[in-house]
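Accompanying notes for the structure given below.
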Amino acid sequence: MTDGRDPHAERLRAVSLRVTKQRAAVLQILERHPHCDAGFLFDAVNEDLGAISRQAVYDVLTALTEAGLVRRIDLVGSAALFELRDSDEHHHTVCRRCGAISDIEDTMTEEQLHAAESRDFHTSEVEVVYWGTCRDCSGHAGEEPDTTIQEDHANVERTNGI
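Per this note's numbering, the sequence shown runs over residues 249 to 410.
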């Protein structure tokens with residue numbers, strides 16, 4: 249940042265949001281810690297700024313999400329996670345054993361992106377989550393994987409008729 253401009257303030261102004269220290273703090277924390285939940289953000293903002301209510305953090309997250317600056321990730325079996333919405337579209341891998349989340353490059357073809365249109369369905373966003381076991385956890389031979397997240401995911405799929 250050599251020109252002295254605050255990139256977070258610029259991002260907020262670009263979507264017509266008032267620049268506040270709370271909003272800027274949440275953006276800074278998400279830049280350093282992608283895929284964190286509201287509880288982590290609450291603790292981190294409190295550490296950075298001092299006293300702030302949980303409701304204020306939720307209000308900031310709602311405003312930033314609605315403005316398109318932040319993406320909310322809803323994974324079955326865990327609290328909602330948040331990350332900066334960058335220009336790159338990507339998907340996520342989630343380890344069923346430890347819950348680790350990482351980004352994976354978008355590998356959807358044009359045909360896959362438009363598959364729902366053949367059913368008269370307009371797609372506004374595509375989110376793909378790859379569930380499995382991360383490299384660190386796959387080295388734990390002989391241990392039974394924690395299937396809690398997997399079972400919860402299967403229950404949601406059955407409930408939704410998938």
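Positions of the beta carbon are idealized from the N, C-alpha and C atoms, including for glycine.
For R259, the uninterrupted alpha helix (DSSP H) run begins and ends at P255 to A262, by DSSP.
Distances from the alpha-carbon of L323 to those of C343, R253, E258 and R383 put C343 closest. A257 and L289 have their C-alpha atoms roughly 18 Å apart. Annotated as proximal: R333 and L317, with beta-carbon spacing under 8 Å. A distance below 6 Å between beta-carbons, with the five flanking residues on each side excluded, links C385 to the following residues of its chain, in chain order: C343, R345 and C346. Ranked by how close their Cα comes to the Cα of A348, the residues S366, A363 and S326 have S326 in first place. With respect to D296, L329 sits apart: the two C-beta atoms are not nearer than 8 Å.
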